[in-house]
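Each step along the sequence shown adds one to the number in the working numbering, with nothing skipped, and position 70 is 70.
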Amino acid sequence: MYFPTYRPRRLRKNENFRRMIRETHLSVDDFIYPLFVAPGEGVKKEISSMPGNYQMSIDNIIEEAREVRDLGIPAILLFGIPFAKDEVGSEAYDEDGIVQRAIRAIKKEVPDLLVVTDVCLCEYTSHGHCGIIRDGEVLNDVTLELLAQEALTHVAAGADMVAPSDMMDGRVSAIRSSLDENGHQDIPIMAYSAKHASAFYGPFREAAESTPQFGDRRSYQMDAANGLEALREVSLDIEEGADIVMVKPALSCLDLIYAIKKEFGYPTAAYNVSGEFSMVKAAAEKDWIDEKRVVMEILTGIKRAGADIIITYHAKDAAKWLQE
Ligand code: PBG
């Protein structure tokens, strides 16, 4: 049908018409809010490149978790900054590590908030890589055992879901087996399946103190130019037992979110990463953009592309704006 018979503007005339034909509705149900837990007490240290986000000690994380729960956000994604780092990332799989202790405290004080944990070694290793190093190489199969152990200690501490972000081959299956063998067959895995080696993680690495001390992550994270490989990665993770698949970053990968949702029909998460957040914050601080409208448009766009879940540092603000 063509003009003048069809005039799309008829249904844009006023807000009531627009409401009736609106295709995508953002909801607080869509969000996961990332948090960074650090050692100490009374610690609340702002991450300079991520205004409004902090490294927090467990006492403050509990307060934050309450606030997140009260806003109606269903889940947090927990990252840890360890007391000490070493070559093999020991604190990542220590049952008394920072994340494991934080999980126990949050589940005790705020039991109705889902605690999802990032499973990776890079925050815990002195070299900042996501796996064990030998002769300058990141070893795959040796790392799998440690990731499986890390996931198991998270779940034993009370985590509701684990989210491996390391991009080693076979990690979902290693984690699934280790959880199943220990009676945790009901705990889901949200796999960072299509994760690019992206420059958009810059601010996060300040937040998590996880910058690689040599080289980069290109031997394990995907080349940002690849989309078919992203589909293969997702297919592997589903075969290995992933319950939710993730695309990361979000804004430069909207095509992948769309393709992956369409191809697999699995619950699909998108990570609106630190660099995407910081760019918006920086422009808003300069009064170059309307922060609220830009954030809502971005999150709606990610959902329209096919994401069921959006992991975002904007979650608390967006939850408040959705209540207005
Ligand atoms: C750990 C991890 C990273 C992010 C999530 N988990 C950093 C990286 O892979 O370098 C990035 C999150 C963000 O930028 O917000 N591997």
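Idealized CB from N, CA, C, for every residue including glycine.
Owing to the predicted nature of the structure, the values given are computational and were not obtained by experimental measurement.
Kindly examine ligand 1 and report whether one of its heavy atoms sits closer than 7 Å to the Cβ of Phe204.
Looking up residue 204 in the sequence shown gives position 204. Within the cutoff, so yes.
Under 8 Å between the Cβ atoms of Lys261 and Gly227?
The sequence position of residue 261 within the sequence shown is 261, counting from 1. The sequence position of residue 227 within the sequence shown is 227, counting from 1. Pairing Lys261 with Gly227 gives a Cβ-Cβ distance that is not under 8 Å.
In its own chain, which residues sit with a C-beta less than 8 Å from the C-beta of Ser219, not counting the 5 before and 5 after it?
Translated into positions along the sequence shown, residue 219 becomes position 219. Cβ within range, chain order: Glu137 and Val138.
Counting only runs that start and end within the segment 213–271, where is the beta strand (DSSP E) found for 3 or more residues in a row?
Entirely contained in the segment 213–271, the beta strand (DSSP E) runs reaching 3 residues are, in chain order, 244–248.
At the level of alpha carbons, what is the spacing between Ile244 and Thr153?
To locate residue 244, count along the sequence shown from 1; it is residue 244. To locate residue 153, count along the sequence shown from 1; it is residue 153. Each residue's alpha carbon lies about 20 Å from the other.
Mapping DSSP to helix, strand and coil, what is Leu71?
Counting from 1 along the sequence shown, the entry for residue 71 is found at position 71. It is coil, neither helix nor strand.
Short check: CB of Lys195 to CB of Met222, under 8 Å?
The sequence position of residue 195 within the sequence shown is 195, counting from 1. The sequence position of residue 222 within the sequence shown is 222, counting from 1. Yes, they are a contact pair.
Three Cβ pairs or more, each shorter than 8 Å: is that satisfied between the segment 188–205 and the segment 236–251?
Contact between the segment 188–205 and the segment 236–251 is present, because at least three Cβ pairs lie under 8 Å.
Report the residue ranges of all alpha helix (DSSP H) runs contained in full by the segment 93–164; include only those spanning at least 4 residues, in chain order.
At a cut-off of 4 residues, the continuous stretches assigned as alpha helix (DSSP H) that sit fully inside the segment 93–164 are 98–109 and 141–157.
Whole-angstrom C-beta distance between Leu113 and Ile76, which should lie under 8 Å
As a position in the sequence shown, residue 76 is number 76, starting the count at 1. As a position in the sequence shown, residue 113 is number 113, starting the count at 1. With a Cβ gap of about 6 Å, Ile76 and Leu113 count as contacting.
Phe204 - DSSP class collapsed to helix/strand/coil
The residue given as residue 204 occupies position 204 in the sequence shown. Of the three classes helix, strand and coil, the one that applies to Phe204 here is helix, per DSSP.
Quick check: the segment 199–208 against the segment 40–53, are there 3 or more CB pairs under 8 Å?
In short, these stretches touch, since the Cβ pair count reaches three.
Cβ pair Ile302, Ala282 closer than 8 Å
Taking the first residue of the sequence shown as position 1, residue 302 is located at position 302. Taking the first residue of the sequence shown as position 1, residue 282 is located at position 282. Against a cut-off of 8 Å, the Cβ pair of Ala282 and Ile302 comes out as no contact.
Bridge partner(s) assigned by DSSP for Leu179:
In the sequence shown, the residue the question calls residue 179 occupies position 179. For Leu179, which the question treats as bridged, DSSP gives no partner whatsoever.
Quick check: Phe83 and Ile106, are their CB atoms within less than 8 Å of each other?
Here residue 83 corresponds to residue number 83 of the sequence shown, with the count starting at 1. Here residue 106 corresponds to residue number 106 of the sequence shown, with the count starting at 1. No, they are not a contact pair.
Collapsed DSSP secondary structure at Leu26 in the structure displayed:
For the purposes of this step, residue 26 is taken as the residue at position 26 of the sequence shown. Taken through DSSP and simplified to helix, strand or coil, Leu26 comes out as coil.
Using only alpha-carbon positions, find the residue among Ile21, Phe31 and Tyr6 that is nearest to Thr268.
Here residue 268 refers to the residue found at position 268 of the sequence shown. The shortest Cα separation from Thr268 among Ile21, Phe31 and Tyr6 belongs to Phe31.
Asp141 versus Gly215: straight-line alpha-carbon distance, rounded:
In the sequence shown, counting from the first residue as 1, residue 141 sits at position 141. In the sequence shown, counting from the first residue as 1, residue 215 sits at position 215. Cα-Cα distance, rounded: 20 Å.
Residue range of the alpha helix (DSSP H) that includes Lys281:
Translated into the one-based positions of the sequence shown, residue 281 becomes position 281. Membership of Lys281 in the alpha helix (DSSP H) is indicated by the continuous run Ser274 to Glu285.
Can you give me the Cβ contacts of Ala224 inside the same chain, cut-off strictly under 8 Å, excluding the 5 residues immediately before and after it?
Start at 1 with the first residue of the sequence shown, and residue 224 comes out as number 224. Closer than 8 Å at Cβ, skipping near neighbours: His196, Ala197, Ser198 and Ser252.
Report buried or exposed for Met20, applying the criterion of at least 16 other Cβ atoms within 10 angstroms of its Cβ.
On the sequence shown, position 20 is the one that residue 20 refers to. Classification of Met20: exposed, given that the 10 Å Cβ count is below 16.
Could you give the distance in angstroms between the alpha-carbon of Ser278 and the alpha-carbon of Leu78?
The count along the sequence shown starts at 1 and reaches residue 278 at position 278. The count along the sequence shown starts at 1 and reaches residue 78 at position 78. Rounded to whole angstroms, Ser278 to Leu78 spans 19 Å at the Cα level.
Distance cut-off 7 Å: Arg217 Cβ against heavy atoms of ligand 1
For the purposes of this step, residue 217 is taken as the residue at position 217 of the sequence shown. Short note on Arg217: C-beta closer than 7 Å to some heavy atom of ligand 1.
Residues in its own chain within less than 7 Å of Val294 by CB, not counting five upstream and five downstream?
The residue given as residue 294 occupies position 294 in the sequence shown. The beta carbon of Val294 sits closer than 7 Å to those of Val280, all from its chain and outside the five residues before and after it, given in chain order.
Judging by CA-CA distance, which residue of Cys120, Arg232 and Glu276 is the nearest neighbour of Leu256?
Translated into positions along the sequence shown, residue 256 becomes position 256. From the listed residues Cys120, Arg232 and Glu276, the smallest Cα separation to Leu256 is found for Arg232.
Lys292: which of Asp317, Ile175 and Tyr313 sits nearest, CA to CA?
Locating residue 292 in the sequence shown gives position 292, counting from the first residue. Of Asp317, Ile175 and Tyr313, the residue nearest in Cα terms is Asp317.
Could you tell me whether the Cβ atoms of Glu41 and Ser27 are closer together than 8 Å?
Here residue 41 is taken as the residue at index 41 of the sequence shown, counted from 1. Here residue 27 is taken as the residue at index 27 of the sequence shown, counted from 1. No, the pair does not count as a contact, with Cβ atoms beyond the cut-off.
Terminal residues of the beta strand (DSSP E) in which Glu395 lies
One cannot answer for residue 395 here, as it falls past the ends of the chain, which runs 1 to 324.
For Pro234, the nearest candidate out of Glu209, Ile73, Gln213 and Gly265 (CA to CA):
As a working mapping, residue 234 is identified with position 234 in the sequence shown. With the sequence shown as reference, residue 234 is identified as Val, and Pro is not the correct amino acid for it. Nearest of Glu209, Ile73, Gln213 and Gly265 to Val234, Cα basis: Gly265.
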